Ligand code: NAP
C-alpha cells in the first residue's frame, strides 16, 4: 500500500460516493417491495464480483450489496471494493501483465476519479482499478448494485430476509456471502497516519514497491504470515527485522526454520511496536519498539512496517445464523463446494478462507458459489 497520500485515497473514495449513491438509486428504482430476489450477493471484493458475473450471465439477475460508504467502514477497512481497494499495484492477478489499460479503465472509472487514485508503475493493474473493472463487468451483464451494508440476516426462514443499514428489508431465495476479512492493525495513531506511506498489512501486495527496495523493513507478528511475509520481503529489502512479542514463534516449524536460515532476517524477540516515525513527505523512516519484558525501548531505521498479526473475517452480522469457526470464519460444510450450514446460503472468498487469502483464489470461489447457487435453485425449480 504505497505510492500516494492517504488523503488522495480518501478523496477518491468520497468523490466516488456521489457516483455510488446514484447507482444505488437507479438499482432500486422500480423494484417492488414484494420482489423476492433469486440471488443476493453480500460483498464487493473479487469473490463478490466474480459471483455476480457468473450469476448475471446465468440470468439470475443478481443484486449485490457492496457495502456502505461510512466513516466506521473507512476506519475498519471495510469500505466497498474490499481489501484490494486499499492497495496499489497488483502484479499477480493472472491476465493483467501490464498497465496501460486506458480503454478498459475509461469504461469503468471516470477520468477525474482516476486522477485522484494512487498512481502505479504499470507492471500490472492497481487494486482499485481491478475492483472497478470487475464491478463494471458485473454491471454490464445486468447486476444491480446497492451501496449499503447488510447488518442483519434471518436464515431461519425461506425466502431469507436481509436487513440493510438503512433498515430496508430484502428477501432472497439464495444468498452468497462474500464479505471478506480485514487485516488486523494495532490501532496506533502513527500506524494509521502512515498507511499507504510505508505501513502495510500485505507484503505480497506491496513488498515490491520502490520505497521498500534495498531498505531495512520491519514485520510485526510471529505466526506463519509474519514468517512468510518476512521471507518474501527479503527479495527486496536490505534487511528484515521480524519483531515478535514473545521469544518463540507461533509459526510452523518448517517455515520458522526457513526464516531462521535466511541471513537477511533478524529476529527481535520480546518487543512490540509502540510508534511509527517518519515525515509527511517521505513516509516511514523508523520505528520505536518497546520491550515486553521491561521498560526499555529501541529505535530501528526502516522504510516499511508490515503488520502480520492476523485477520478478522467480516462475519459479525452472521452470529447465530451460520456455522462459524472459532476464529469466526464461515465453515464450508462440503469439500470442494461453497455450501454453508444453511442450504441456499453460499460463501466465497476470504470470509471463509484464513489460509490462501489471495484475490485470485477469492475470485475462483466466487465463481463456484454462483454455480452452486444456480444449481441449488434449479434443483428446486426456481
Ligand atoms: P496467527 O497464526 O493468528 O498469528 C498471529 C501472530 O500475530 C501471532 O504470532 C501473535 O502473537 C501475533 N499477534 C497477534 N496479535 C498481536 C498484537 N496485538 N501485538 C503483537 N503481536 C500480535 O495468524 P497468521 O500468521 O496470519 O496465520 C493465520 C493462519 O493461516 C494460520 O493457520 C497459519 O498457519 C495459516 N497460514 C499458513 C501459511 C502457509 O502455510 N504458507 C502462511 C500464512 C498463514 P502470539 O504468537 O504471541 O499469539
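Residue numbers (my numbering): 1 to 382. Where is the CB? At the ideal position from N, CA and C, for every residue including glycine. These numbers were taken from a predicted model, which means no experiment stands behind them.
Indicate, with yes or no, if ligand 1 has a heavy atom lying under 7 angstroms from the CB of residue 247. Distances taken from the Cβ of residue 247 to the heavy atoms of ligand 1 include none shorter than 7 angstroms.
In this structure, does DSSP put residue 24 in helix, strand or coil? Summary for residue 24: the model assigns pLDDT 44, below 50, so the residue's position carries little reliability; its value from the coordinates is reported in the next sentence. In the structure shown, residue 24 sits in a helix (DSSP, three-state: H, G or I).
Please name the residue or residues paired with residue 312 in a DSSP beta bridge. DSSP output for residue 312 lists 182 as bridge partner(s).
Is the beta carbon of residue 354 within less than 7 angstroms of some heavy atom of ligand 1? Within 7 angstroms of the C-beta of residue 354 there is at least one heavy atom belonging to ligand 1.
Is it buried or exposed, residue 18, if we count other Cβ atoms within 10 angstroms and call 16 or more buried? Note that residue 18 scores a pLDDT of 34, beneath 50, so its modelled location is shaky; the value from the coordinates is reported in the next line. Taking all protein chains shown into account, residue 18 has fewer than 16 neighbouring C-beta atoms within 10 Å of its C-beta and is therefore exposed.
So is the beta-carbon of residue 360 under 7 angstroms away from any non-hydrogen atom of ligand 1? No, the beta carbon of residue 360 sits no closer than 7 angstroms to any heavy atom of ligand 1.
Measure the alpha-carbon distance for residue 63 versus residue 262 and round it to whole angstroms. Their Cα atoms are separated by approximately 49 angstroms.
Are the beta-carbon atoms of residue 232 and residue 251 separated by less than 8 angstroms? No, the pair does not count as a contact, with Cβ atoms beyond the cut-off.
Examine ligand 1 and report whether any of its heavy atoms sits within less than 7 angstroms of the Cβ of residue 350. Distance from the C-beta of residue 350 to the nearest heavy atom of ligand 1 is not below 7 angstroms.
Straight-line CA distance for residue 356 to residue 256? Going from the Cα of residue 356 to the Cα of residue 256 covers about 18 angstroms.
At which residues does the beta strand (DSSP E) containing residue 267 begin and terminate? That run of the beta strand (DSSP E) goes 265-268.
Between the alpha carbons of residue 249 and residue 331, how many angstroms are there, rounded? If I take the Cα positions, the gap works out to 27 angstroms.
Cβ neighbours of residue 274 in the same chain (closer than 6 angstroms, five flanking residues each side left out): Closer than 6 angstroms at the Cβ level, and outside the excluded window around residue 274, lie 288 and 290.
Any non-hydrogen atom of ligand 1 within 7 angstroms of residue 252 CB: At least one heavy atom of ligand 1 is nearer than 7 angstroms to the Cβ of residue 252, so yes.
Do you know how far the Cα of residue 308 is from the Cα of residue 91? Approximately 21 angstroms between the Cα atoms of the pair.
Here's the rule I'm using: 16 or more other beta-carbon atoms within 10 Å means buried, otherwise exposed. How should residue 383 be labelled? Since the first residue shown for the chain is 1 and the last is 382, residue 383 is missing from the structure and cannot be characterised.
Could you check the C-alpha separation between residue 206 and residue 137 for me, to the nearest Å? Cα to Cα, the separation comes out at about 26 angstroms.
Thinking just about the alpha-carbon of each residue, which of 320, 185, 181 and 371 is nearest to the one in residue 353? Ranking 320, 185, 181 and 371 by Cα distance to residue 353 puts 181 first.
May I ask you to list the residues that DSSP assigns as paired with residue 216? For residue 216, which the question treats as bridged, DSSP gives the partners 239.
In this structure, how does DSSP classify residue 113 when only helix, strand and coil are distinguished? If DSSP states are grouped into helix, strand and coil, residue 113 belongs with the helices.
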